[in-house]
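J.: Numbering (the UniProt record's numbering), first residue to last: 1 to 423.
No residue lacks a Cβ here, since even glycine has one placed at the ideal position from N, Cα and C.
Here you go, one structure.
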Amino acid sequence: MDPDQINDIEAIDPQIARRYEVIEKIGKGAYGVVWKVRDRFTKQNSNSIHQVDNNSENTENDIQTESQDGKIYALKKVFCAFQNSTDAQRCYREVSYLRELKNHPFIISLHAVHRSENDLDLYLLFDIMETDVHAVIRANILLDVHHRYIFWQLLCALKFIHSANLIHRDLKPSNLLINSNASIKLCDFGLSRTFKTANLDHPDLDDSNRQNGGFIEEEFTDYVATRWYRPPEILFGASTYTPSVDMWSAGCILAELVTGKPLLPGASTMDQIEKVIAYTGPPTQSDIQSINSSVTQTMLSNLTYSQPRFKFEERFSGAPRDAIDLIRKLTTFNPSDRLTAAQALEHPYVAQFHVKEKEIEALRPINLTLDDSRKFTTREYRNCLYREAVTAPDMPSAATKKKRYHKEGKHSHSKMKSSQEWV
1 MDPDQINDIE AIDPQIARRY EVIEKIGKGA YGVVWKVRDR FTKQNSNSIH
51 QVDNNSENTE NDIQTESQDG KIYALKKVFC AFQNSTDAQR CYREVSYLRE
101 LKNHPFIISL HAVHRSENDL DLYLLFDIME TDVHAVIRAN ILLDVHHRYI
151 FWQLLCALKF IHSANLIHRD LKPSNLLINS NASIKLCDFG LSRTFKTANL
201 DHPDLDDSNR QNGGFIEEEF TDYVATRWYR PPEILFGAST YTPSVDMWSA
251 GCILAELVTG KPLLPGASTM DQIEKVIAYT GPPTQSDIQS INSSVTQTML
301 SNLTYSQPRF KFEERFSGAP RDAIDLIRKL TTFNPSDRLT AAQALEHPYV
351 AQFHVKEKEI EALRPINLTL DDSRKFTTRE YRNCLYREAV TAPDMPSAAT
401 KKKRYHKEGK HSHSKMKSSQ EWV
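If you want it as structure tokens, here you go:
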């Protein structure tokens with residue numbers, strides 16, 4: 001790619017630049033570039049700040065004024081969001097899910113969506129966060145209390161999205177954004193999918209579904225998440241699965257938190273499978289049947305079993321016993337044997353943060369305008385997203401009612417280093 005093309009990709013549309021002042025570029029990846037920006041317009045209320053009710057909606061007293069002290073955000077320019085139907089679907093899903101999940105304290109908030117002049121790119125305005133969990137694991141600055149607090153927050157987020165009938169499907173440390181006080185936000189819902197649920201007397205719910213907590217497994221065909229955090233059922237090509245895929249990934253993240261190293265860093269799909277089998281031990285016939293993949297038996301018979309048996313005591317030397325116990329219960333070969341997010345929140349490992357009133361569920365399942373089980377055209381995804389989510393950058397964002405989730409300083413013992421010490 002020549003320099004002119006790079007500069008064009010990283011250029012900000014004039015109407016966006018009028019609204020947001022770029023402070024610095026903070027990231028760039030395959031799908032886009034992210035800047036730290038200041039909103040040139042900030043909401044101010046004519047009432048005293050002491051009179052503000054956090055549970056009340058904004059009123060006509062709220063005014064939009066230009067200010068040098070505007071709020072700081074992360075502005076992401078998604079490259080070629082509507083280049084084809086697959087990219088358009090991914091972008092539509094992420095925006096739609098985040099709009100449904102807004103205001104949860106441990107899930108990234110999407111504040112605005114703006115279209116580009118070329119109708120190919122898209123601008124997304126997010127909370128600004130300092131770094132991600134992958135970076136702080138590598139920096140080796142976390143203490144045991146941070147591990148527990150981070151994981152409790154992740155479990156809260158998973159309990160919430162699973163209760164909304166949503167599977168994240170791409171959990172990994174780099175998708176957990178974090179600030180210097182150890183508060184996290186789950187991000188990157190581009191690979192997420194909704195799933196169906198049923199109560200125990202549903203006519204389509206067989207015995208295996210009942211054992212799996214009442215979920216009806218739905219066919220999925222587009223799982224491409226990061227290999228190291230993939231559960232066995234995905235590695236073996238299962239086309240049906242449940243929220244338990246997220247719980248395996250969560251267990252891998254916890255193992256990485258407490259040891260500082262990835263649990264199962266496979267070099268290829270087959271190497272990953274061998275590492276998983278060395279870790280879990282050879283699956284039973286019941287385990288194999290739980291995978292719902294016709295090729296599982298064939299793939300298992302072709303394994304060389306060259307990997308040495310995983311040694312828990314050696315690998316987790318010095319790790320807390322309750323951490324090891326929770327990791328084991330999240331990373332079982334059989335999906336139905338894994339703890340759910342709600343069950344994991346009852347585990348002793350996160351007991352010091354366990355407050356039931358904060359481990360909330362969604363009020364209703366997520367239902368997208370465009371059926372999540374069907375593939376639509378690029379034009380249909382773009383038009384629906386424009387109609388439902390896009391706002392003009394020169395207009396105030398829609399006011400949302402925000403619920404105070406917890407007071408700052410509630411977990412003062414979870415404070416880490418100052419933001420200047422992250423680097």
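1. Can Ile-360 and Lys-159 be called in contact, C-beta distance under 9 Å?
2. Does DSSP classify Thr-242 as helix, strand or coil?
3. For Ser-244 versus Ser-163, is the C-beta distance shorter than 9 Å?
4. Does DSSP put residue 425 in a helix, a strand or coil?
5. Please return the same chain residues whose Cβ sits closer than 7 Å to the Cβ of Ala-81, not counting the five positions on each side in sequence.
6. Could you give the residue range of the alpha helix (DSSP H) that holds Val-133?
7. Is it the case that the Cβ atoms of Ile-167 and Thr-242 are separated by a distance below 9 Å?
8. Beta-carbon within less than 6 Å of Gln-15's beta-carbon, same chain only, minus the 5 sequence neighbours each way: which residues are those?
9. Please work out which residues of its chain come closer than 6 Å, Cβ to Cβ, to Thr-332, disregarding the five sequence neighbours upstream and downstream, and give them in chain order.
10. Is Asn-385 helix, strand or coil by DSSP?
11. What's the C-alpha gap between Glu-219 and Arg-387?
12. Counting only beta-carbon atoms, is Glu-314 nearer than 9 Å to chain B?
13. Between the alpha carbons of Met-299 and Asp-271, how many angstroms are there, rounded?
14. Within the chosen definition, does the segment 367 to 380 reach the segment 323 to 330 through at least 3 CB pairs nearer than 8 Å?
15. For the beta strand (DSSP E) that Glu-21 lies in, which residues bound it at each end?
16. Please classify His-168: does DSSP put it in a helix, a strand, or coil?
17. Cβ of Thr-194 within 9 Å of Cβ of Asn-175?
18. Enumerate in chain order the residues of its own chain whose CB-to-CB distance from Ala-342 is below 7 Å, with the five nearest sequence positions on each side excluded.
19. Where does the unbroken beta strand (DSSP E) through Phe-126 begin, and where does it stop?
20. Spell out a yes or no on whether the segment 70 to 78 and the segment 139 to 153 are touching, meaning 3 or more CB-CB pairs, one atom from each, closer than 8 Å.
T.: The relevant details are as follows:
1. yes
2. coil
3. No.
4. Examination of residue 425 is not possible in this model, given that the chain is present from 1 through 423 alone.
5. Asp-87, Ala-88, Cys-91, Leu-120, Asp-121, Leu-122
6. 133 to 139
7. Yes, the pair counts as a contact, with Cβ atoms nearer than the cut-off.
8. Pro-393
9. Arg-338
10. It should be noted that the sequence gives Leu, not Asn, for residue 385. Helix.
11. Because Glu-219 carries a pLDDT of 48, less than 50, the predicted location of this residue cannot be relied on, and no value is offered for it.
12. The structure shown contains no chain B; it is built from a single protein chain.
13. 12 Å
14. no
15. 20 to 28
16. coil
17. no
18. Lys-159
19. Its beta strand (DSSP E) spans residues 122 to 126.
20. no
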